[in-house]
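Notes follow the structure.
Structure, rendered in structure tokens:
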């Protein structure tokens, strides 16, 4: 995410952007010997984590969504992107992030099962930290504050 934010400011960098790039470089230098570990577990399931900031872009008020998919406890797919739409609430921003993550999660789960790398009986799990988004995903309610979500994302 830090790399993505610094890339957006390449045309007119400020002192804050220079500090951000230096911070990224210090982080990379400090973690140069770290690696990703995949652990053999009894059940080979996959899980995804999604998150979003609400109206994080100061100019356009668009949200940045992020997701991470893990397989055998190691990251195999991740993404951070500035959304094309402006979310009207934090619940909507989280819902959009969860929707995008779930598409990739289902695709990867099917692929792994097809090649025999995941248990047929297992189900992928999506982790979300916004309680309103979780409630809306489990049982969509159509009321004044969320009625536009139905037409925009379904």
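In UniProt numbering, the protein residues as written are 1 to 154.
All C-beta atoms, glycine included, are put in the ideal place defined by N, C-alpha and C.
Can the beta-carbon of residue i be found closer than 8 Å to that of residue j?
{"i": "residue 119", "j": "residue 45", "result": "yes"}
{"i": "residue 51", "j": "residue 97", "result": "yes"}
{"i": "residue 122", "j": "residue 43", "result": "yes"}
{"i": "residue 100", "j": "residue 67", "result": "yes"}
Does the beta carbon of residue i sit closer than 8 Å to a beta carbon anywhere in chain B?
{"i": "residue 60", "result": "Among the chains in the structure shown there is no chain B, since it carries only a single protein chain."}
Helix, strand or coil, according to DSSP, for residue i in the structure here?
{"i": "residue 82", "result": "strand"}
{"i": "residue 137", "result": "helix"}
{"i": "residue 127", "result": "strand"}
Hey, could you find the ends of the beta strand (DSSP E) residue i is sitting in?
{"i": "residue 16", "result": "Element bounds for residue 16: not the beta strand (DSSP E) but the alpha helix (DSSP H), 15 to 30."}
{"i": "residue 49", "result": "46 to 52"}
{"i": "residue 161", "result": "It is not possible to answer for residue 161, since the shown part of the chain is limited to 1 through 154."}
Could you spell out the range, first to last residue, of the alpha helix (DSSP H) harbouring residue i?
{"i": "residue 120", "result": "Looking at the DSSP string, residue 120 is not in any alpha helix (DSSP H), and its letter there is neither H nor E."}
{"i": "residue 61", "result": "It is not in any alpha helix (DSSP H) - residue 61 carries neither H nor E in the DSSP assignment."}
{"i": "residue 40", "result": "Premise fails: residue 40 is in no alpha helix (DSSP H) and is neither H nor E."}
{"i": "residue 109", "result": "90 to 114"}
Three CB pairs or more closer than 8 Å across the region 9 to 24 and the region 53 to 72: no
Given 8 Å, three or more beta-carbon pairs between the region 99 to 119 and the region 68 to 77: They touch, by the three-pair rule.
At least three beta-carbon pairs within less than 8 Å, the region 132 to 139 to the region 90 to 110: yes
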